[in-house]
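S.K.: Attaching a single structure in structure tokens format; questions to follow.
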Amino acid sequence: MTRFVSCVRDAGYSVSDPVRSPADNLTLIYDMTPSGDTDVYNEAVQDCNLSHLSLIEPTFVEAHPQVMDEALRVAVRGCLAGRGIPVTAEERNLTDFAASAKDETKVVDCVTAQWGSVYPKLPTVVPLRF
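Just so we're on the same page, the numbering used here is the position in the sequence shown counted from 1, plus 21.
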């Protein structure tokens, strides 16, 4: 991740320091600020991703148990329950919530809906892996 961030910064684009995502406590999330020509920006980020991150990060995440932060679990549980979707209060990650809700899309909707209020200072674009 450090090499990826350095690569993007060396290409002239702003990237925040990565932090662990509360959605799984494994994925590193960050904000990037595109500027200039869209095609040039996309190519630079893609080159950095392919050179430094794309094969490593998913392998790391898949090899470790995902555990959602308690604050987000509570918010997602409340969101789903508020939409009439049964939850058990035993869910610990996205997969557990999807199993309870019997619908990944509804879980994603609730995580997305709650993210900003629970974590207003974290990056807003967050990959969610089931």
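A virtual CB, placed ideally from N, CA and C, is assigned to each residue, including glycine.
Exposed or buried, what is Thr48 when buried is set at 16 or more other beta-carbons lying within 10 Å of its beta-carbon?
M.R.: Burial call: buried.
S.K.: State the DSSP-derived secondary structure class of Val108, mapped to helix, strand or coil.
M.R.: Val108 falls in the coil class under three-state DSSP.
S.K.: Taking buried to mean at least 16 other C-beta atoms within 10 Å of its own C-beta, is Gln135 buried or exposed?
M.R.: Counting Cβ neighbours within 10 Å, Gln135 comes out buried, since at least 16 surround it.
S.K.: By a C-beta neighbour count over all protein chains shown, 10 Å radius and 16 as the cutoff for buried, is Val146 buried or exposed?
M.R.: Result: exposed.
S.K.: Grouping DSSP H, G and I as helix and E and B as strand, with all else coil, what is Arg41?
M.R.: DSSP places Arg41 in strand when its eight states are reduced to three.
S.K.: When DSSP labels each residue in this structure, what does Thr133 get in the three-state scheme?
M.R.: Thr133 falls in the helix class under three-state DSSP.
S.K.: Return yes when the Cβ of Val88 is within less than 8 Å of the Cβ of Asn114, no when it is not.
M.R.: In this structure, Val88 lies closer than 8 Å to Asn114 by Cβ.
S.K.: Pull up the distance between the alpha-carbon of Gly99 and that of Pro55, whole angstroms please.
M.R.: Spanning the two alpha carbons is a distance of roughly 35 Å.
S.K.: To the nearest angstrom, how far is it from the Cα of Asp68 to the Cα of Val82?
M.R.: The straight-line gap from Cα to Cα measures roughly 21 Å.
S.K.: Quick check on this structure: which residue in Thr59, Pro144, Tyr140 and Arg150 has the alpha carbon closest to the alpha carbon of Ala96?
M.R.: Closest by alpha carbon: Tyr140.
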